[in-house]
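One rule links them: number in this note's numbering = place in the sequence shown (from 1) + 11.
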Amino acid sequence: MQLVHSVSELRARLAGEQSVAFVPTMGNLHEGHIELVRIARQRGSCVVVSIFVNPIQFGPNEDFDKYPRTLDADCAKLQGLADVVFAPAVEEMYPEKQTIFVEPPPISRELCGEFRPGHFQGVATVVLKLFNLVQPQVAIFGKKDYQQLTVIRQMVTQLNLPIEIVGAETSRAADGLALSSRNQYLSDAERTEAVLLSQTLRGMGTALAGGAADYAALEQGASAALAKRGWQVEYVAVRKQADLGVPGMEERKLVILAAARLGKTRLIDNLEVCL
Ligand code: PAF
């Protein structure tokens, strides 16, 4: 495995590679990331993992400064799985002030986008830059960040990028909590409570599968139940899997998405439901 920090090293290493599978990350790798890399291993002869905490996708009051940076431990986990780790400094990714941005689709302003203005513009812009640098044939993203995956898919389709996007299932702890680097911000008591988010989604999924059709009532009931336990709920929403639009009654492929804060920690999760 080769660790490279500069664009020139990366381009030199990847010159002539015909089958590159790419996993973009912000590091602090956990089993969920490693699963994405295992999928990449099956999809390309050269596996590239990027590790870059991207400043332009964080809002002014978000956790950019405290986001855990653990490059040595990450590289140890990637030994034998990845061929190339690209870990650029901020100045390498943004050698001049970024004044050109990807304008993400309207769905970027809903759900997480309503609470994190500019987030998906920052994500789409850095992912496009990474795609231009790595030039992969396949890129793997976790379904945990369902809205991100939707935005990336739309960007790839609408900008005609010759890259297959693979969405990987969410990796979960034994109690159901979706794995996330941010879980480590939780206190012990919060970690115990955190399982309620996935349980809430599963409860809603069961109700939908059982014929519940008043989505607004389901969303409000779930939000109220979380709020009663001290969660600050941003949203609980039933949407269409295809584009995250508001579903009509005829829609069979749904996804329930939620974002809520437990103390200072913001958690997101989702559940696909096929009726
Ligand atoms: O999902 C993430 O870790 C980040 O949003 C990504 C895709 C690496 C872009 O910075």
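Cβ coordinates follow ideal geometry from the N, Cα and C atoms, glycine included.
Secondary structure note for R202: its alpha helix (DSSP H) is the uninterrupted segment 199-220.
Rounded to whole angstroms, the separation of the alpha carbons of Q13 and T211 is 42 Å. In this structure, R52 is the residue among I62, T81, R52, G129 with its C-alpha nearest to the C-alpha of G91.
In its chain, beyond the 5 residues on either side, Q158, Y246, A248, R250, L255, L268, A270 have a beta carbon closer than 8 Å to the beta carbon of L122. CA-CA distance, D199 to L25, rounds to 44 Å. Taking each of V206, Q165, Q146 in turn and checking the Cα distance to R240, the smallest one comes out for V206. Between G43 and S182, the CB-CB gap stays under 7 Å. For the beta strand (DSSP E) assignment, the uninterrupted runs of no fewer than 3 residues enclosed by the region 32-63 are, from N- to C-terminal side, 57-62. Within 6 Å of the C-beta of V134 there is at least one heavy atom belonging to the ligand PAF.
For S234 and Y196, the gap between their C-alpha atoms comes out near 22 Å. Between the C-alpha atoms of E180 and P35 there is a straight-line separation of about 16 Å.
Here the alpha carbon of P66 sits roughly 43 Å from the alpha carbon of G222. Counted as a single uninterrupted DSSP element, the stretch harbouring A184 is not any beta strand (DSSP E), since DSSP gives it neither H nor E.
The region 260-267 and the region 136-148 do not touch, with fewer than three beta-carbon pairs separated by less than 8 Å. Exclusion of the five residues before and after Y105 leaves no residue of its chain whose Cβ lies closer than 6 Å to its Cβ.
Residue pairing for T276: DSSP places it in a beta bridge opposite L273. M215 places its beta carbon less than 7 Å from that of L229.
For F152, the pairing in a beta bridge is given by DSSP as G178. Within the same chain, and ignoring the five residues on either side of L40 in sequence, the residues whose Cβ sits closer than 6 Å to its Cβ are D85, K88. Note on N281: 16 or more other CB atoms within 10 angstroms of its CB, so buried under the neighbour-count rule.
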